[in-house]
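Each residue of the sequence shown is one higher than the one before, counting from 9 in the working numbering. Some notes on the structure that comes next.
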Amino acid sequence: MKKTYYLVFLLFTFCASQENKINGISFVASNTLTSQKEVIPVLETNANWVTLMPFAFMKSLQDTTIHFNSKRQWIGERKEGIEHASGIFHNNKIKIMLKPQIWIHRGFTGHIEMKTEKDWQTFEENYAQFILFYAAIAQEQNIELLCIGTELNSFVSQRPQFWNQLIQRIRKIYKGQLTYAENWDTYQNVPFFSKLDYIGIDAYFPLANEQTPSVELLEKEWNRHKSSMQSFAEKLKKKVLFTEYGYQSTDYTTHEPWNFSKEKKVNLVAQTNALTALYNEFWNEDWFAGGFLWKWFDANEQVGGENDSDYTVQNKPSLDVVKRFYK
């Protein structure tokens with residue numbers, strides 16, 4: 009009888025820990041407005057959240073100008089596209105994280121570095137206008153979660169006062185939840201996570217350097233990262249949210265998950281094992297909020313598939329893994 013009660017307790021605990029998880033999809037904008045046809049495949053994954061990602065552009069790591077909401081961009085990334093998509097997803101009872109982020113040609117955003125104090129101040133005000141523009145949209149559209157930056161380690165480390173002030177400015181116009189997405193190797197350097205609602209991590213942690221690592225091996229490999237995440241979460245009394253996670257369907261996909269390449273050999277089993285291990289290790293943890301799978305394209309029938317090496321799980325065996333854990 010005691011054994012029966014114990015098993016029931018374990019089952020209850022496991023279900024309770026998964027009940028409110030953010031089972032998210034990173035939805036890629038396109039040159040058309042999102043329609044119900046594009047939403048249906050997302051619903052079929054059992055996702056309850058999506059990320060909408062309007063990109064901004066900088067010419068270099070020292071450029072003080074941020075270009076966003078331009079007529080030259082695809083409509084899905086512009087104001088009208090975000091508003092339309094948020095309405096469609098909300099009508100389907102899917103919650104939204106709005107994640108405006110910067111793209112730099114031949115440069116990593118974590119290395120943004122201004123040359124002078126004047127340049128820093130100019131860049132800071134331009135960045136604030138960029139984020140506040142989308143914060144206003146998020147408030148108008150009742151978007152549940154706003155990500156205030158993505159992989160900006162140098163900017164965050166060097167200009168903490170700006171970020172504290174920016175958070176205050178955002179809170180005045182946006183009443184939803186906030187996070188910030190930092191890279192897997194520098195998330196503990198972010199000084200303002202205590203002022204946000206989630207610890208956002210782009211979770212491309214290096215794991216096994218094997219062609220097709222087993223689920224068991226990958227679960228063991230996660231141990232060297234997982235304990236530090238849990239300690240950090242408990243210290244700040246905030247849950248960890250994987251603002252991005254995913255693996256290419258290639259050989260050695262868990263060795264350097266951030267290192268995208270079209271030249272890698274397709275390996276569908278490696279992607280399936282990698283996602284299974286990640287879900288096994290995190291989706292039943294109380295200190296873990298959930299995550300957003302990278303990435304999902306609107307033209308579902310035309311992307312992914314068994315010959316595709318990209319991160320998407322569309323039309324691949326790994327999609328069944330996502331459906332099972334997101335259910």
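All C-beta atoms, glycine included, are put in the ideal place defined by N, C-alpha and C. No experiment lies behind these values; they were computed from the predicted model shown.
If you draw a straight line from the C-alpha of residue i to the C-alpha of residue j, how long is it?
| i | j | result |
| --- | --- | --- |
| E190 | T124 | 25 Å |
| R86 | S202 | 31 Å |
| M168 | P62 | The sequence shown places Pro at residue 168, rather than the Met named in the question. The straight-line gap from Cα to Cα measures roughly 24 Å. |
| D193 | W302 | 18 Å |
| T42 | E91 | 10 Å |
| Q219 | T284 | 16 Å |
| Q310 | Q279 | 20 Å |
| G32 | F300 | 4 Å |
| Y287 | V274 | 22 Å |
| K223 | N281 | The sequence given here places Val at residue 223; Lys does not occur at that position. Rounded to the nearest angstrom, the two C-alpha atoms are 5 Å apart. |
| Q166 | F200 | 13 Å |
| Q256 | S326 | 11 Å |
So, with DSSP's three-state summary, where would you put residue i?
| i | result |
| --- | --- |
| M237 | helix |
| F333 | helix |
| D210 | strand |
| H92 | helix |
| A216 | coil |
| K34 | This sequence places Ser at residue 34; Lys is not what is there. S34 falls in the strand class under three-state DSSP. |
| G118 | helix |
| F290 | helix |
| Q185 | strand |
| V47 | helix |
| I104 | strand |
| W57 | strand |
Hey, would you say residue i sits closer than 7 Å to residue j, going by beta carbons?
| i | j | result |
| --- | --- | --- |
| T53 | K331 | yes |
| N100 | V58 | no |
| T251 | D210 | yes |
| G254 | K29 | no |
| Q137 | S94 | no |
| L154 | A146 | yes |
| V50 | F305 | no |
| E229 | A216 | yes |
| I120 | L60 | no |
| L184 | L249 | Here the sequence assigns Gly to residue 184, which means Leu is not the residue at that position. No, Cβ-Cβ distance for G184 and L249 is not below 7 Å. |
Could you check if residue i is buried or exposed, using at least 16 other CB atoms within 10 Å of its CB as the buried criterion?
| i | result |
| --- | --- |
| E159 | buried |
| Q173 | exposed |
| W45 | In the sequence as displayed, the identity of residue 45 is Lys instead of Trp. With fewer than 16 Cβ atoms within 10 Å of its Cβ, K45 is classed as exposed. |
| E314 | exposed |
| W111 | exposed |
| A307 | exposed |
| N243 | The residue you asked about is not Asn; residue 243 is Lys in the sequence shown. Classification of K243: exposed, given that the 10 Å Cβ count is below 16. |
| V329 | buried |
| E271 | exposed |
| F363 | What is shown of the chain runs 9 to 335, which leaves residue 363 out entirely. |
| N231 | exposed |
| E88 | exposed |
With a threshold of 7 Å between beta-carbons, can residue i be considered close to chain C, or not?
| i | result |
| --- | --- |
| T53 | Here chain C cannot be found, since the structure has a single protein chain. |
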